[in-house]
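Engineer: So the sequence lines, in the order shown, correspond to chains F and E.
Note that the working numbering has the first sequence beginning at 1, numbered continuously upward.
Note that the working numbering has the second sequence beginning at 1001, numbered continuously upward.
Just so it is clear, CB atoms sit at the ideal spot from N, CA and C, and this is done for glycine as well.
Input: one structure, supplied below.
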Amino acid sequence: MVKKAALYIPLLSAAVLIWWPVWFLTMGILLSPDEVNLLYAAIHTKEGFVRWCLLPSWPSLRALIQLLFDTPEFFVVFWNSCLQCFLQAAGQLLTGLPAAWAMAQLKFPGRRLLFGMYVVLMLLPFQVTMVPEYLVLSKLGLLDTSLAIILPGMFAAFPVFIMTRGFEQIPKSMVEAARLDGAGEWAVLRHVGIPMGRAGVISAVVLGFLEAWGAVERPMSFLENPIHWPFTLYLPQVVMDNLGISMAAGFVAAVPAVLLFMWGQKYLQEGIMQGAVKE
Amino acid sequence: MHKLKKYKTAVIFLLPNLLGITVFLLLPFLEVIRRSFCNTMGNRFTGLYNYYQVINNEAFRLAAWNTVKFTGIALPLLLVVSLLLALAVRVISTGKEVLQTTYMLPMALPISSIVLLWKVLFYDQGLINGMLLKLGLQQVSFLSTDLAFYILLFTYIWKNAGYDMILWLAGLDSISKDIYESAEADGADAWQRFWYITIPELKTVMGMTAILSFMNLFKIYREAYLVSGKYPHESVYLLQHLFNNWFLALDLGRITAAAVMMTVVVTAGIMWLKKYWQLEE
């Protein structure tokens, strides 16, 4: 049908708007540092213009090698990001999962009000929550440590929200059946809740991790000593100091996020959908 | 007896998370409220002085206006664009998965990785200006003019269209085919079916999508900050920039008052929107 085929024009144009940045990023490990400097130096020198080629003129893995072998700072920040994000995601699961189950499947007074509180909390921008967080972290002496990032982050409201919606989709009959079998609530959660609420849980983990992986504001506000910086604070720095490896760094930093996304995509879609529509 | 036991379970399940939220958000927020009525040192009660200061602050007014303007334009635009994407993706037969994955990718790409590309494109010496020059057209300063607003707008849509598209797809899938069939049997054409069935049925999903997109709206600050720094062009000076700069100055009186005001606005907004989005069973 001609009509359907015509749809591909806007769809593919939109797709190109995404493929091109991805290709740009990938070029980060194919361009040699010298070529990067040649093409993009204009950003710093304020003379001439940036140039761009579809393919590297001298393909080389040198930027990547330089990054991985010659730049110890990169390892430090990359490790910081891994540590901070992994612990945040783990904490979100540990405390958030049971809370989500309770709000979805347990009856108690004030349940809807509590859920409403989570909704408000998840919508508050960091700029509002940074003030109370700062006061507490300062009082506890945790500023300028990784815990300043991990602790507030692991109690994020959005993952709890997603998991709650996911658990709400589980047919009450199944849950009741498991309870009638005499199983304690933890067992019900383990045998019915998590398998059936898989999509919500995985989405929460993926989205929570992606959010933490790309975080800029909290580290920027609470971490002064670069030794604790995640890569998100390091990358802008490296663009200033060492343009050559900056693209390789950008690529490497994106890899874990994209891989996680690819792995969880199926569940992510389902989990996101569950957040939107009630069966 | 059975009921009491149920509450005990609920409490145990909820406690760790609630404890964390209380310690890191709720309790300190009480302190924030207290501080908003005190001077910077926190030892003298000053009533509404801070609030008065904030509301009359030029930068605050600019930032608030920009944020409201950005929200008013970006949110509806994102909803429409992502809805169109969802509708189109649904109709085509080949390449659905590839396209869906593609559109969702931007939300996985850490913005720090993308920032260099944005600079390469939009700086005064960037690719786009270079191309404009080659075509003999006027060069444009993207980041130091009002165009910065549209760059930010584009970035927001680019990042979130895929996510919203999934939400719309969920909504579209949940409309039962029977309604469409009976409408078609009654002689309604495609446009009428869309307008009188699809749109009304999507209202709930729209509420949810709007709320989640609103949540992502504030995050756009990251892009703005990484590309343009603490003091960008005035058209993109948002509340977040203001908060960040006041935070660096540790101006606790003003920042706490502003934080309280923002919380009140957001909470009021949610309670109003609840009309359109059911949380009920």
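#1: Give the residues from the stretch 1119 to 1132 of chain E that approach chain F closer than 7 Å (Cβ to any Cβ), ordered along the chain.
#2: Over what stretch of residues does the alpha helix (DSSP H) that includes F:E217 continue unbroken?
#3: Counting Cβ pairs, one atom from each stretch, are 3 or more of them under 8 Å apart for the stretch 1095 to 1113 of chain E and the stretch 1142 to 1162 of chain E?
#4: Any idea what DSSP makes of F:F155, helix, strand or coil?
#5: Considering Cα atoms alone, identify which of E:N1245, E:Q1125, E:L1077 and E:L1048 is closest to F:I43.
#6: For F:P159 versus F:L123, is the C-beta distance shorter than 8 Å?
#7: Indicate whether at least one CB of chain E lies closer than 8 Å to the CB of F:P125.
#8: Go ahead and pull the three-state DSSP assignment for E:E1280.
#9: With 8 Å as the threshold, decide whether the Cβ of E:W1158 is near any Cβ in chain F.
#10: Who does E:A1045 pair with in a DSSP beta bridge?
#11: I'd like to know whether the C-beta atoms of E:N1056 and E:L1238 end up nearer to each other than 8 Å.
#12: Assuming contact is defined by CB atoms lying nearer than 8 Å, are F:S81 and F:P236 in contact in what I supplied?
#13: Does the count of Cβ pairs from the stretch 129 to 136 of chain F and the stretch 164 to 180 of chain F closer than 8 Å reach three?
#14: So with CB distances below 9 Å, who are the chain E contacts of F:K172?
#15: With 16 other CB atoms within 10 Å as the buried threshold, where does E:R1254 fall?
#16: Pairing CB atoms from the stretch 1070 to 1089 of chain E with CB atoms from the stretch 1207 to 1221 of chain E, are three or more of them under 8 Å?
#17: In three-state terms, what does DSSP make of F:F231?
#18: What's the gap between the Cα of F:V277 and the Cα of F:A104?
#19: Since F:F222 and F:L143 should fall inside the 8 Å C-beta cutoff, what is the C-beta to C-beta distance between them, to a whole number of angstroms?
#20: Are the Cβ atoms of E:S1112 and F:L25 separated by less than 8 Å?
#21: Would you check if there are 3 or more beta carbon pairs closer than 8 Å linking the stretch 1240 to 1247 of chain E to the stretch 1025 to 1032 of chain E?
#22: Indicate whether at least one CB of chain E lies closer than 8 Å to the CB of F:L30.
#23: What are the complete alpha helix (DSSP H) segments, minimum 4 residues, inside the stretch 1046 to 1097 of chain E?
#24: Inspect the beta-carbon positions of E:M1262 and F:V128 and report whether they are closer than 8 Å.
#25: Give the range of the alpha helix (DSSP H) segment to which E:E1234 is assigned.
#26: Using a beta-carbon distance below 8 Å, is F:V282 in contact with chain E?
#27: F:A178 lies in the alpha helix (DSSP H); which residues open and close that run?
#28: If you compare alpha carbons, which of E:I1128, E:L1133, E:L1169 and E:L1202 is closest to E:I1151?
#29: Mind checking the stretch 55 to 87 of chain F against chain E and listing, in chain order, the residues whose C-beta falls within less than 7 Å of any C-beta there?
#30: Indicate whether at least one CB of chain F lies closer than 8 Å to the CB of E:F1029.
#31: Can you tell me the Cβ-Cβ gap for F:G244 and F:A99, rounded? I've got them flagged as a contact below 8 Å.
#32: Give me the Cβ distance between F:G153 and E:P1110, rounded to the nearest whole Å; I'm assuming they're in contact under 8 Å.
#33: Below 9 Å between beta carbons is the criterion; list the residues of the stretch 101 to 121 of chain F that meet it against any residue of chain E, in chain order.
#34: Considering only the beta carbon of each residue, do E:A1170 and F:M240 sit closer than 8 Å?
#35: Measuring alpha carbon to alpha carbon, tell me which residue in F:S138, F:F251, F:Q265 and F:F86 is nearest F:I65.
#36: Select from E:A1224, E:Q1053 and E:Y1052 the residue whose C-alpha is nearest the C-alpha of E:V1156.
Structural biologist: With the structure as the only source:
#1: K1119, V1120, Y1123, Q1125, G1126, L1127, N1129 and G1130
#2: Locating residue 217 of chain F in the first sequence gives position 217, counting from the first residue. Residues E217 to F222.
#3: yes
#4: Taking the first residue of the first sequence as position 1, residue 155 of chain F is located at position 155. Three-state result, F:F155: coil.
#5: In the first sequence, the residue the question calls residue 43 of chain F occupies position 43. Closest by alpha carbon: E:Q1125.
#6: Sequence index remark: in the first sequence, residue 159 of chain F carries index 159 (1-based). Sequence index remark: in the first sequence, residue 123 of chain F carries index 123 (1-based). Their beta carbons are not under 8 Å apart, which means F:P159 does not touch F:L123 by this criterion.
#7: Position 125 of the first sequence holds residue 125 of chain F. So, interface residue.
#8: As a working mapping, residue 1280 of chain E is identified with position 280 in the second sequence. Only weak support is given to the placement of E:E1280: the predicted model assigns it a pLDDT of 41, under 50, and the value that follows is read from those uncertain coordinates. Three-state DSSP puts E:E1280 in coil, outside helix and strand.
#9: Stepping through the second sequence from its first residue, residue 1158 of chain E is reached at position 158. True, the Cβ-Cβ gap to chain F drops below 8 Å.
#10: In the second sequence, the residue the question calls residue 1045 of chain E occupies position 45. In the sequence on display, residue 1045 of chain E carries Phe and not Ala. Paired residues: E:C1038.
#11: The residue given as residue 1056 of chain E occupies position 56 in the second sequence. The residue given as residue 1238 of chain E occupies position 238 in the second sequence. Not closer than 8 Å, so no.
#12: In the first sequence, counting from the first residue as 1, residue 81 of chain F sits at position 81. In the first sequence, counting from the first residue as 1, residue 236 of chain F sits at position 236. No. Outside cutoff.
#13: no
#14: Residue 172 of chain F sits at position 172 when you count from the first residue of the first sequence. What F:K172 touches in chain E: nothing, since even the nearest Cβ is about 10 Å away.
#15: As a working mapping, residue 1254 of chain E is identified with position 254 in the second sequence. E:R1254 comes out buried.
#16: yes
#17: As a first step, residue 231 of chain F must be located in the first sequence, where it is residue number 231. Looking at F:F231 - three-state DSSP - the assignment turns out to be helix.
#18: Here residue 277 of chain F refers to the residue found at position 277 when the first sequence is read from its first residue. Here residue 104 of chain F refers to the residue found at position 104 when the first sequence is read from its first residue. Approximately 15 Å, taken between the alpha carbons.
#19: Along the first sequence, read from residue 1 onward, the residue named residue 222 of chain F stands at position 222. Along the first sequence, read from residue 1 onward, the residue named residue 143 of chain F stands at position 143. Rounded, the Cβ-Cβ distance is 6 Å, consistent with contact.
#20: Taking the second sequence and counting its residues from 1, the one referred to as residue 1112 of chain E is at position 112. Taking the first sequence and counting its residues from 1, the one referred to as residue 25 of chain F is at position 25. The answer is no: Cβ separation not under 8 Å.
#21: no
#22: Here residue 30 of chain F corresponds to residue number 30 of the first sequence, with the count starting at 1. No, F:L30 lies away from the interface with chain E (no Cβ there is under 8 Å from its Cβ).
#23: 1049 to 1055 and 1058 to 1091
#24: By 1-based counting over the second sequence, the position of residue 1262 of chain E is 262. By 1-based counting over the first sequence, the position of residue 128 of chain F is 128. Yes, they are a contact pair.
#25: For the purposes of this step, residue 1234 of chain E is taken as the residue at position 234 of the second sequence. Per DSSP, E:E1234 belongs to no alpha helix (DSSP H) and is neither H nor E.
#26: Missing from the structure shown is residue 282 of chain F; chain F here goes from 1 to 279 and no further.
#27: Taking the first residue of the first sequence as position 1, residue 178 of chain F is located at position 178. Element bounds for F:A178: K172 to L180.
#28: The sequence position of residue 1151 of chain E within the second sequence is 151, counting from 1. It is E:I1128.
#29: none
#30: Here residue 1029 of chain E is taken as the residue at index 29 of the second sequence, counted from 1. Cβ-Cβ to chain F under 8 Å: yes for E:F1029.
#31: Here the question's residue 244 of chain F lines up with position 244 in the first sequence. Here the question's residue 99 of chain F lines up with position 99 in the first sequence. With a Cβ gap of about 47 Å, F:G244 and F:A99 do not count as contacting.
#32: The residue labelled residue 153 of chain F in the question sits at position 153 within the first sequence. The residue labelled residue 1110 of chain E in the question sits at position 110 within the second sequence. That belief does not hold up - the Cβ atoms of F:G153 and E:P1110 are roughly 15 Å apart, past 8 Å.
#33: W101, A102, M103, L106, K107, F108, P109, R111, R112, L114, F115, G116, M117, Y118, V119, V120 and L121
#34: The residue you call residue 1170 of chain E lines up with position 170 of the second sequence. The residue you call residue 240 of chain F lines up with position 240 of the first sequence. Cβ atoms of E:A1170 and F:M240: not closer than 8 Å.
#35: On the first sequence, residue 65 of chain F is found 65 positions in, with the first residue counted as 1. Nearest option by C-alpha distance: F:F251.
#36: The residue you call residue 1156 of chain E lines up with position 156 of the second sequence. With the sequence shown as reference, residue 1156 of chain E is identified as Tyr, and Val is not the correct amino acid for it. The residue with the shortest Cα to Cα distance from E:Y1156 is E:A1224.
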